[in-house]
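Q: A single structure is presented below for examination.
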Amino acid sequence: MSPSQDPQSRLDAIVARIEAARKRSVKPAPVTHLIAVSKTHGPEAVEALIKAGQRRFGENRVQEAKVKFAALNARVRGLELHLIGPLQTNKVRDAVALFDYIHSLDRPKLAHALASARAATGRGSNTTCWSEHGYDHTGSRASAPTHHSAATGHR
């Protein structure tokens, strides 16, 4: 697939490949969703994909997502935004206000900050957070140690 293809053709080809792979799997999931990672792409590229039908987007930086999606979120119904990069506690309030899913809950301090921000912004159950717990103890990846999950109530 050439980068010069229009966004609709590119999106259709990717979705077709995902669907074919899903059907080939041993135990196919009932449905599979594509999260288009908008990292390093400007708002015009995101808008082109939205026009092509894409509604789920992943971004790894809160500040970049604010620039790209603040106006789009107000104009386009059904956008689903995923924070897929690390989150600093000083950016939690902005992240909770903007993202529907946060994939990078990796420490108890962040879990508490997220809980406070969710309560303060009224987005309570509107932002889903996923945590990662480390089992290899190598420190090569950001993750919460397994002994913290029971103490914080987050799994």
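Residue 1377 is where the sequence shown starts when you use my numbering, and the numbers rise one by one after that.
Ideal placement from N, C-alpha and C gives every residue a C-beta, glycine not left out.
If you're wondering where the values come from, they're calculated on a predicted model, not measured in any experiment.
(1) Does the region 1393-1400 touch the region 1413-1430, meaning 3 or more C-beta pairs lie closer than 8 Å?
(2) What span of residues does the beta strand (DSSP E) with ARG1432 cover, start to end?
(3) Taking all protein chains shown into account, decide if ARG1483 is buried (16 or more other Cβ within 10 angstroms of its Cβ) or exposed.
(4) Taking just the CA atoms, how far does HIS1479 sit from GLU1435?
(5) For HIS1458, count neighbouring Cβ atoms within 10 angstroms of its own Cβ and tell me buried if that reaches 16, exposed if not.
(6) Alpha carbon to alpha carbon, how far is LEU1387 from SER1414?
(7) So, under 8 Å CB-CB, LEU1490 and VAL1472 are touching, yes? Tell me the CB distance rounded to an integer number of Å.
(8) For ALA1392, which residues of its own chain have a beta-carbon under 7 Å away from its beta-carbon, when the five flanking residues on both sides are left out?
(9) Determine whether the beta carbon atoms of VAL1468 and ALA1493 lie at a separation below 8 Å.
A: Working from what's here:
(1) no
(2) Counted from its first residue, the sequence shown places residue 1432 at position 56. Note, ARG1432: beta strand (DSSP E), 1432-1435.
(3) Here residue 1483 refers to the residue found at position 107 when the sequence shown is read from its first residue. Buried is the call here.
(4) Mapped onto the sequence shown, residue 1435 falls at position 59. Mapped onto the sequence shown, residue 1479 falls at position 103. So the two alpha carbons sit approximately 10 Å from each other.
(5) Counted from its first residue, the sequence shown places residue 1458 at position 82. Counting Cβ neighbours within 10 Å, HIS1458 comes out buried, since at least 16 surround it.
(6) On the sequence shown, position 11 is the one that residue 1387 refers to. On the sequence shown, position 38 is the one that residue 1414 refers to. Taking the straight line from one Cα to the other gives about 13 Å.
(7) Here the question's residue 1490 lines up with position 114 in the sequence shown. Here the question's residue 1472 lines up with position 96 in the sequence shown. The pair is a contact, with the Cβ atoms about 7 Å apart (cut-off 8 Å).
(8) The residue labelled residue 1392 in the question sits at position 16 within the sequence shown. Within the same chain, ALA1392 has no close Cβ partners at all.
(9) What you label residue 1468 is simply residue 92 of the sequence shown in a count that begins at 1. What you label residue 1493 is simply residue 117 of the sequence shown in a count that begins at 1. Yes, the pair counts as a contact, with Cβ atoms nearer than the cut-off.
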